[in-house]
Structure formats: structure tokens, C-alpha cells
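Please read the structure below before turning to the comments.
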Amino acid sequence: MAVIQVACAQCQQTDRVVKNGKAETGNQRYLCRNCKHSFQLEYRYNANKPGTHDRIITMTMNGSGVRDIGRVLDISPTTVIVHLKHFRPTR
Ligand SMILES: [Zn+2]
699 MAVIQVACAQ CQQTDRVVKN GKAETGNQRY LCRNCKHSFQ LEYRYNANKP
749 GTHDRIITMT MNGSGVRDIG RVLDISPTTV IVHLKHFRPT R
């Protein structure tokens, strides 16, 4: 039997990661018992991939429009607007 070492996407811990059911798309979900972060190794939708939110914020700060960002990241303009509406700048 092959064992796959899964590292937490947030704290990089490998020994406290357990399986946590399946996503709606059928992909395996994992739960880190160290930081309580729930994640998948691969995502079907580009908007859910790690780092997408940060890329939306960076592109907005560099003057890209909502439809421009949606086209480049291959996500819906509505998703871009939702990310921007929930963005709270930290000082
Ligand atoms: Zn973790």
C-alpha cells in the first residue's frame, strides 16, 4: 500500500493531517489537526486555488479591471467582485 505524505497548506505540518471527507467535485479533503485548516491537494475551480485571492488584490492595485482579472485568471468577473468586496486591508 502506498502512503502519501500530505503537508498542511498553511503550517506545513505533515504528521497531524487527516482525511476529511470528499469535496462536491469528488476530490479528497484534508484537515490539519494542528491549525484546524481544511484543504484539498487539487482544486477543480481556479477561484478556489491557493493564492488566487492575493493575485486578485495585486492585479487590482496595479490598475487591472474586474473583467481583465477574470480573463487572465480564468475565473468569473462576479467571483472577482466577491473577492474584492470581502477584502479588508491590513495596516
Ligand atoms: Zn496546519
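Numbering of the sequence shown is given in this note's numbering, commencing with residue 699 and proceeding in unit increments.
For glycine and all other residues, C-beta sits at the position ideal for the given N, C-alpha and C.
Can you tell me the Cα-Cα spacing of Val715 and Val701, whole angstroms? Distance between the alpha carbons of Val715 and Val701: 13 Å.
How many Å lie between Tyr743 and Met757 at the Cα? Approximately 19 Å, taken between the alpha carbons.
By the three-class DSSP mapping on this structure, what secondary structure does Val780 have? In the structure shown, Val780 sits in a helix (DSSP, three-state: H, G or I).
Measure from the alpha carbon of Cys733 to the alpha carbon of each residue in Thr723, Gly719, Gln708, then state which is nearest. Considering only alpha carbons, the answer is Gln708.
If you measure from the CB of Asn732, is any heavy atom of ligand 1 nearer than 7 Å? Yes, since a heavy atom of ligand 1 falls inside the 7 Å radius drawn around the Cβ of Asn732.
So for Gly719, helix, strand or coil by DSSP? The answer is strand: DSSP assigns Gly719 an E or B state.
Classify Arg786 as helix, strand or coil using the three-state DSSP reduction. Arg786 falls in the coil class under three-state DSSP.
State buried or exposed for Val780, treating a residue as buried only when at least 16 other CB atoms are found within 10 Å of its CB. By the neighbour-count criterion, in which a residue is buried when 16 or more other Cβ atoms sit within 10 angstroms of its Cβ, Val780 is exposed.
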